[in-house]
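Per the numbering used here, residue 706 is the first one in the sequence shown, and the count goes up by one each step.
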Amino acid sequence: MLIVMNHKAGERQVEAVVRAVEKMGLRAVPIPGSERTAIGVLGNRGYVDDSTIRDLPGVQEVIHVSKPYKLVSRDFHPRPTVVKVCGIPVGEGKRPVVVAGPCAVESEEQILRTARAVKKSGADMLRGGAFKPRTGPHTFQGLREEGLKLLAMAREETGLPIVTEVMSPDTVGLVAGYADLLQVGARNMQNFELLKELGRIRKPVLLKRGMSATIEEFLAAAEYILAEGNHQVILCERGIRTFETATRNTLDLAVVPLIRELSHLPVMIDPSHATGKRSLVSPMAKASLVAGAHGVLVEVHPEPDKALSDGPQSLTLPGFEALMEELRRLSAFLGHGGAGENAP
Ligand code: PEP
Ligand code: MN
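Next up, the structure:
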C-alpha cells in the first residue's frame, strides 16, 4: 500500500500517518518527493483495510500495490539506486561498467593472464567462477576456495574488484570474505534461503535473471535481498529460454528500459550467456549500452578452445580489447563519458 500525502501536508501529518500505520502492526517508510511525500506500507500479507488511514489529515490518496515487490519498485523508491563496488558506481547517471573474465577460474596462470589483459583493455572489474553451477556433475565444478584465493591474488596485482558466484547459503560467509560483488547465478535466482542470507551481508549482490523467470519473479527475487536489509543489488539479464535454439538463450533486451521504469535498481546485461556464441557477444554488448544498461558482463579467456567451461562464448584477449575500443567510442557518442575509462 502506498499513501500519497497532499502537497500541503506537513511533517506532523506525515508522522501521524506513520503512527497510525504502525498501530496496525505494519511498517511505514516515508518517501519524500519534490512535490509531495508518499508513505510506503510494508509487512502486510494481503489486502489492508485503509479506513483508518484514508481520512487522516493530509492524506490525498491510498494506492493498493498488488505487486509482489515493493522495496525494489520505483513506486516506493523513485530515486535511482547507485551501487558502489569498491568505490566504482554502477547505476543511473554513471558511465556503464564492464565486468570481464573467464567463466571459471582454472589456474593461477589463466586468471592472472586474463586479469592483466582485461585491466589493460580498460575493464572495471574481474569476474571468474570458483563455485560453478554446472548442468551435470561430471564436468568441471570449479576450484572452490582455491579459486577464490587466485581471484584475490589477481585483485592484489591489478586492483580490479572481483565478482564471483555464490551457490549456497552456507558458503555466503566464505565467498563474501573474498568477493567484492557476489553473483547469484540464473539457476539460483529463486534459491530463497540464499537470497535471504545475502540480504544479511553488507556487500553488493549481482542477481542474474533465472532462465525462465518473468520480470515480476525476477524483481520479487531481488525483493528478498532488500527485505533483509541489503539494498546494494544490481540486476543482470542473461538471456531466457525460448523455442529458439540457434542461440544459447534469447536476449531479452527490452528488460533494460522496462526494469528502469519499474525499479530503481541498476541493470546490467550478460551478452555471453545470452547468446552462447563469440561472434554475437560484441554486437549485443553494444546494443546493451544503447538500450540503457548500466554495464555489461563479458566472458573472456586467453585460450577459449581449451576453456573448461563456456569456451565457445568467450572472447579472446584481443577480441576483448577490440570490444573495449568500440564500447569507448559508443559510450562517448551516447554521452556517458566512456565505458572502459578505467584503461590505464
Ligand atoms: C556464469 O556467469 O558463469 C553463469 C553460470 O551464468 P548464468 O548463471 O547466467 O548461467
Ligand atoms: Mn559461464
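Note that the Cβ used here is the ideal one computed from N, Cα and C, for glycine as well. Only a predicted model underlies this, so the values are computations on that prediction, with no experimental measurement involved.
Coarse secondary structure for S984, derived from DSSP in three states | As a position in the sequence shown, residue 984 is number 279, starting the count at 1. It is helical.
Enumerate in chain order the residues of its own chain whose CB-to-CB distance from A1048 is below 6 angstroms, with the five nearest sequence positions on each side excluded.
-> In the sequence shown, residue 1048 corresponds to position 343, counting from 1. Low per-residue confidence applies at A1048: pLDDT is 47, beneath 50, and the placement is therefore not dependable enough to give any value.
Cβ of H969 within 7 angstroms of Cβ of H843?
-> Counting from 1 along the sequence shown, the entry for residue 969 is found at position 264. Counting from 1 along the sequence shown, the entry for residue 843 is found at position 138. The Cβ atoms of H969 and H843 lie no closer than 7 angstroms to each other.
Straight-line gap, E1026 to I793 (C-alpha atoms, nearest Å) | The count along the sequence shown starts at 1 and reaches residue 1026 at position 321. The count along the sequence shown starts at 1 and reaches residue 793 at position 88. Straight-line spacing of the CA atoms in E1026 and I793 works out to 21 angstroms.
Compare the C-alpha of T897 against each of V802, L985, L924 and K789 and name the closest.
-> Walking along the sequence shown from the start, residue 897 turns up at place 192. A small fix is needed here, since residue 897 is Phe in this sequence, not Thr. The residue among V802, L985, L924 and K789 with its C-alpha nearest the C-alpha of F897 is L924.
Could you give the DSSP three-state label for K799: helix, strand or coil?
-> As a working mapping, residue 799 is identified with position 94 in the sequence shown. Reduced to three states, the DSSP call for K799 is coil.
4 or more residues per run - each alpha helix (DSSP H) lying fully within the region 890 to 956 = Restricted to the region 890 to 956, the alpha helix (DSSP H) segments that are unbroken, complete and at least 4 residues in length are 897 to 904 and 920 to 932, listed in chain order.
What separation, rounded to the nearest whole angstrom, lies between the Cα atoms of E813 and K837?
-> Translated into positions along the sequence shown, residue 813 becomes position 108. Translated into positions along the sequence shown, residue 837 becomes position 132. It is roughly 17 angstroms from the alpha-carbon of E813 to the alpha-carbon of K837.
State yes or no: is the C-beta of L885 nearer than 6 angstroms to some heavy atom of the ligand MN?
-> As a working note, residue 885 is residue 180 in the sequence shown. Just to set this straight, residue 885 is Asp in the shown sequence, not Leu. Result no, Cβ not under 6 angstroms from the ligand MN.
In terms of residues, what are the limits of the beta strand (DSSP E) holding L747?
-> Numbered from 1 along the sequence shown, position 42 holds the residue referred to as residue 747. L747 -> beta strand (DSSP E) spans T742 to L747.
Considering only residues of the same chain and omitting the five flanking positions on each side of H769, which have a CB-CB separation below 6 angstroms?
-> Working through the sequence shown from its first residue, we reach residue 769 at position 64. Closer than 6 angstroms at Cβ, skipping near neighbours: M706.
Pair every Cβ in the region 936 to 946 with every Cβ in the region 971 to 989, then say whether three or more of these pairs are closer than 8 angstroms.
-> These segments touch.
How about I744 and I708: are their beta carbons less than 7 angstroms apart?
-> Here residue 744 refers to the residue found at position 39 of the sequence shown. Here residue 708 refers to the residue found at position 3 of the sequence shown. Yes; because the gap between Cβ atoms is below 7 angstroms, this pair is in contact.
Are K810 and I816 close, meaning C-beta to C-beta below 7 angstroms?
-> If you number the sequence shown from 1, residue 810 lands on position 105. If you number the sequence shown from 1, residue 816 lands on position 111. Just to set this straight, residue 810 is Val in the shown sequence, not Lys. Contact: yes.
Helix, strand or coil at G1024 [DSSP, three-state] = Locating residue 1024 in the sequence shown gives position 319, counting from the first residue. In this structure, DSSP gives G1024 a helical state, which the three-state scheme calls helix.
Cβ contact (3+ pairs, closer than 8 angstroms) linking the region 925 to 936 and the region 893 to 913 = The count of Cβ pairs closer than 8 angstroms, one atom from the region 925 to 936 and one from the region 893 to 913, reaches three, so the stretches are in contact.
Would you list the residues whose beta-carbon is nearer than 5 angstroms to any heavy atom of the ligand MN, in the order they occur in the chain?
-> Result: C808 and D1015.
For the alpha helix (DSSP H) that A725 lies in, which residues bound it at each end?
-> The sequence position of residue 725 within the sequence shown is 20, counting from 1. Note, A725: alpha helix (DSSP H), E716 to K728.
When every heavy atom of the ligand PEP is checked, does at least one fall within less than 6 angstroms of the C-beta of A891?
-> As a working note, residue 891 is residue 186 in the sequence shown. Yes, the beta carbon of A891 sits closer than 6 angstroms to at least one heavy atom of the ligand PEP.
Indicate the three-state DSSP secondary structure (helix, strand or coil) for Q815 in the structure shown.
-> Locating residue 815 in the sequence shown gives position 110, counting from the first residue. In the three-state reduction of the DSSP assignment, Q815 falls in the helix class.
Quick one: what's M830 bridged to in DSSP?
-> Indexing the sequence shown from 1 puts residue 830 at position 125. Beta-bridge pairing links M830 to V804.
If we count the other Cβ atoms within 10 Å of its Cβ and call it buried at 16 or more, is T1051 buried or exposed?
-> Outside the modelled stretch of the chain, which goes from 706 to 1049, sits residue 1051, for which no answer is possible.
Would you list the residues sitting across from G778 in a DSSP beta bridge?
-> Here residue 778 corresponds to residue number 73 of the sequence shown, with the count starting at 1. Residue 778 is actually Ser in this sequence, not Gly. Answer is S968, bridged to S778.
CA-to-CA distance, V790 to E861, given in whole angstroms | As a working mapping, residue 861 is identified with position 156 in the sequence shown. As a working mapping, residue 790 is identified with position 85 in the sequence shown. Using only the alpha carbons, I get a separation of about 16 angstroms.
Determine the burial state of Q888: buried for a count of at least 16 other Cβ atoms within 10 Å of its Cβ, exposed for fewer.
-> Numbered from its first residue, the sequence shown carries residue 888 at position 183. Classification for Q888: buried.
Cutoff 7 angstroms; reference V723; Cβ partners in own chain excluding five residues on either side = Mapped onto the sequence shown, residue 723 falls at position 18. Same-chain partners within the cutoff: A733, P735 and I744.
For E716, does the count of other Cβ atoms within 10 angstroms reach 16, so buried, or fall short, so exposed?
-> Start at 1 with the first residue of the sequence shown, and residue 716 comes out as number 11. By the C-beta density criterion, E716 is exposed, having fewer than 16 other C-beta atoms within 10 angstroms.
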